[in-house]
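-5 is the number of the first residue of the sequence shown in this note's numbering; add one for each residue after it. Every residue gets a Cβ at the ideal spot worked out from N, C-alpha and C, and that includes glycine. Please read these numbers as outputs of a predicted model, since none were measured by experiment. Some notes on the structure that comes next.
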Amino acid sequence: MDIDSYNSLKNQIDEAQNTITYIYTKYVGDPYMTAKVHNYITNQLPVILENIRETHEQNQTRIEELTNDQDAFIQSFLNNNQYFYISSTEKFFCYDGTHYHCISEDDLLYTVLSSISRDRERNLMPWKKSTKRNVMKRIKENNLLKSIPESETIQNVIDSLCPAIFNTRAETKYFLTILGDNIFRKNNNIIHFIHVNSKHFIRELNNMCQIVIGSNLSQTMKHKYHEHNYSDCRIVRINETIKSEYIWKPIVNQFVLDIICVACHYSNRYGSSDDYVIKSSNDNVLFQTAFYLKELEPIDLVNSFIQEYLELSQPGRPNNTICIDGQLSNMRTPYISWKNIQYLWKQFLDSKNIPNVLFLQNLKTLLISNLKDYYVEEHDAFVGVCSKYLPEIQKFLQFWNETIIEDDSEMDFEIDEIIILLRNWCISKNEPICNLNDKQILDLISHFFPNVEIERDKFISRIKCSLWDKELDIQLALENLKHSLQNNTMMPISRTLSPSSSQNISIYDAYYFYCKYHSSLNHNNTVSNQIVSKSYFEKYIFENLSNYVVDSKFLSVEWFKL
-5 MDIDSYNSLK NQIDEAQNTI TYIYTKYVGD PYMTAKVHNY ITNQLPVILE NIRETHEQNQ
55 TRIEELTNDQ DAFIQSFLNN NQYFYISSTE KFFCYDGTHY HCISEDDLLY TVLSSISRDR
115 ERNLMPWKKS TKRNVMKRIK ENNLLKSIPE SETIQNVIDS LCPAIFNTRA ETKYFLTILG
175 DNIFRKNNNI IHFIHVNSKH FIRELNNMCQ IVIGSNLSQT MKHKYHEHNY SDCRIVRINE
235 TIKSEYIWKP IVNQFVLDII CVACHYSNRY GSSDDYVIKS SNDNVLFQTA FYLKELEPID
295 LVNSFIQEYL ELSQPGRPNN TICIDGQLSN MRTPYISWKN IQYLWKQFLD SKNIPNVLFL
355 QNLKTLLISN LKDYYVEEHD AFVGVCSKYL PEIQKFLQFW NETIIEDDSE MDFEIDEIII
415 LLRNWCISKN EPICNLNDKQ ILDLISHFFP NVEIERDKFI SRIKCSLWDK ELDIQLALEN
475 LKHSLQNNTM MPISRTLSPS SSQNISIYDA YYFYCKYHSS LNHNNTVSNQ IVSKSYFEKY
535 IFENLSNYVV DSKFLSVEWF KL
């Protein structure tokens, strides 16, 4: 016993002796009380103290047993049930080894209390509330963002995104690591350019992330260039399918928690998205794409454009008289106008999956500096410069200028119809077919004819084509249908029995008649031999014959009795 403990014990003994002396002194003239004090101190007190000691030891043993049982239960419960918590949103989550799910606190408490009650091996009922409290405390220490998903979860996430949204698994992992970096607020100076088509997908993913964990995952993702340093810029490739909500919406709804957890896991595992590409992706194409702008200067980008998209004639080439914007001039040919250069520049950027990272005036200045022997200011054109992409563009522009008229009275043309008209126009002129796809044609229309309305990348509104009067075709077919019904000479249609003159005719049958009627005419007319879509036909009926439409499905008897 050390000196401090000895002194403390001596003080307690002295205090007890003084108390006993005081009690005896107090009752010194009272034999009854003196006898009672003596009996209590010598006989009862030792027994009471021994009982207290034994009870204390038993309680300590029981507490130790319950503590061990409680610890064993908590350990077993948390090993068999993976629960996590996010303090910023006060949400609980469970993981079944395949998917992560949100779980309400009430449901979690019910599960914990039920497990305590069902545990026959350990009788924790006396400590039920304490055990519940400790389990919840331990769960709240499990951060969802630090969980390690199983391989099955990781593969499910990658398979959901690739190839539906990304072309390769490496691109998918790169994207996920970027999301994780943003959640952990790593490398916020980096700018990740991703196509504007992904805007709604990224926004929805970010909104869900804010709701679930209270964090952003898109702060480094940009769709437009705002004078960022090229060294901080990265390119993220994404498929065009991302513009369709039917593709990405089910993925976000079903896998958003899995995506968030896998993204955080990848960010922790690889360190950062840049480190993933450099050290772990083993994908040279991804490396070249992601870091395309990192080591570039604006002049380097312009030089790449010149090398890939422009062909230069010798400056000493003989001059010819050419027409630019309606004016004759004696210059070397061929030439490219500044407006055409802008379109080619856009195509060049699209091919690299990068936004417009150079303002047009800066682009023009750099091009003129590099091609000063070719630029003619008075015509705003580069003369003696051509492009392998230009003949197709010029052919389409010629087709458009010769055949297309803006007309507010017209409804719309589908892009597929424009492609067929362009093809037939080329055939009628004995020229090679113009091999432009729908995206290229839409880009051309948007660039050269910005006033033309384009809806859903499919419908081109308020234009008329001299090669094909869609409304006139429908009118002729309907007049022939009316005549056939009036004379009971209607050609066979899709119904088993053709309607008599006393019955309404369905719009479907009217469209079927239109198709049959039109197909039987002008087989040799390759320019205009097209059939309007069913939706266009129905729209024409509703807008022009609305007084005769019954139940949105039929043309009434009154129409063909006129």
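For residue i: DSSP bridge partner residues
{"i": "R228", "result": "H186"}
{"i": "I97", "result": "F86"}
{"i": "F453", "result": "E408, E449"}
{"i": "A10", "result": "None; A10 has no bridge partner."}
{"i": "I293", "result": "None; I293 has no bridge partner."}
{"i": "E221", "result": "Beta-bridge pairing links E221 to no other residue."}
{"i": "N137", "result": "Y79"}
{"i": "I427", "result": "DSSP output for I427 lists no bridge partner at all."}
{"i": "E400", "result": "I457"}
{"i": "F531", "result": "Paired residues: none, contrary to the question."}
{"i": "A375", "result": "S331, V370"}
{"i": "C380", "result": "E305"}
{"i": "I499", "result": "L549"}
{"i": "T215", "result": "This sequence places Met at residue 215; Thr is not what is there. Paired residues: H186."}
{"i": "V543", "result": "L549"}
Presumed contact (8 Å Cβ cut-off) between residue i and residue j, rounded CB distance
{"i": "A571", "j": "Y329", "result": "The requested residue 571 is not part of the displayed model; the chain covers only -5 to 556."}
{"i": "F281", "j": "V296", "result": "Contact flag wrong, Cβ pair sits at about 23 Å."}
{"i": "N429", "j": "E386", "result": "7 Å"}
{"i": "G208", "j": "S82", "result": "4 Å"}
{"i": "S108", "j": "T171", "result": "In fact, because the Cβ distance is near 39 Å, the residues do not count as touching under 8 Å."}
{"i": "K126", "j": "I110", "result": "7 Å"}
{"i": "F342", "j": "Y303", "result": "5 Å"}
Through-space distance from residue j to residue i, alpha-carbon basis
{"i": "Q54", "j": "R47", "result": "11 Å"}
{"i": "N538", "j": "T235", "result": "36 Å"}
{"i": "H194", "j": "E289", "result": "30 Å"}
{"i": "K555", "j": "N334", "result": "55 Å"}
{"i": "I148", "j": "L155", "result": "11 Å"}
{"i": "L3", "j": "L43", "result": "17 Å"}
{"i": "R457", "j": "L416", "result": "At residue 457 the sequence reads Ile, which differs from the Arg that was named. Roughly 15 Å between the two C-alpha positions."}
{"i": "W462", "j": "P349", "result": "37 Å"}
{"i": "S495", "j": "K389", "result": "In this prediction, S495 has a pLDDT of 48, which is less than 50 and means its spatial position is unreliable; nothing more can be read from the coordinates."}
{"i": "D402", "j": "S455", "result": "8 Å"}
{"i": "S529", "j": "F78", "result": "51 Å"}
{"i": "Y383", "j": "L338", "result": "8 Å"}
{"i": "T315", "j": "E449", "result": "Below a pLDDT of 50, predicted positions are generally treated as unreliable, and T315, at 46, falls in that range; no measurement from the model is reported."}
{"i": "I399", "j": "K452", "result": "18 Å"}
{"i": "H50", "j": "I68", "result": "26 Å"}
{"i": "E198", "j": "V446", "result": "30 Å"}
{"i": "K131", "j": "D294", "result": "58 Å"}
{"i": "S363", "j": "N191", "result": "34 Å"}
{"i": "K134", "j": "N74", "result": "16 Å"}
{"i": "I7", "j": "N1", "result": "10 Å"}
{"i": "D65", "j": "M27", "result": "52 Å"}
{"i": "K547", "j": "I421", "result": "39 Å"}
{"i": "I254", "j": "Y104", "result": "27 Å"}
{"i": "I(-3)", "j": "T15", "result": "27 Å"}
{"i": "F86", "j": "W332", "result": "59 Å"}
{"i": "M215", "j": "F71", "result": "41 Å"}
{"i": "V379", "j": "E305", "result": "6 Å"}
Pick from the options that is closest to residue i, judged by C-alpha positions
{"i": "A158", "options": "T13, D8, S238, V370", "result": "S238"}
{"i": "N182", "options": "L549, G208, R228", "result": "R228"}
{"i": "N523", "options": "S(-1), E51, Y508", "result": "Y508"}
{"i": "N262", "options": "L138, I245, R231", "result": "L138"}
{"i": "H512", "options": "N498, S500, I499, S527", "result": "S527"}
{"i": "F443", "options": "N474, I427, N395", "result": "N395"}
{"i": "L352", "options": "Y219, E404, K180, G378", "result": "Y219"}
{"i": "S460", "options": "W419, S124, H95, R163", "result": "W419"}
{"i": "H186", "options": "I232, F531, Q434", "result": "I232"}
{"i": "E221", "options": "I133, N200, L354, Y303", "result": "L354"}
{"i": "S298", "options": "S274, G23, K346, G265", "result": "K346"}
{"i": "S307", "options": "V377, Q76, T13, D(-2)", "result": "V377"}
{"i": "H189", "options": "D344, C203, P426, T19", "result": "D344"}
{"i": "R163", "options": "D175, V279, D101", "result": "V279"}
{"i": "Y89", "options": "S540, V41, E146", "result": "E146"}
{"i": "L472", "options": "V31, K510, V129, I439", "result": "K510"}
C-beta atoms of residue i and residue j nearer than 9 Å
{"i": "L436", "j": "I468", "result": "no"}
{"i": "Y502", "j": "M405", "result": "no"}
{"i": "W250", "j": "P143", "result": "At residue 250 the sequence reads Val, which differs from the Trp that was named. No, they are not a contact pair."}
{"i": "V230", "j": "Y168", "result": "yes"}
{"i": "K93", "j": "D252", "result": "A small correction: the amino acid at residue 93 is His; Lys does not occupy that position in the sequence shown. Closer than 9 Å, so yes."}
{"i": "Y369", "j": "L361", "result": "yes"}
{"i": "N481", "j": "V551", "result": "no"}
{"i": "S141", "j": "Q76", "result": "yes"}
{"i": "C203", "j": "I177", "result": "yes"}
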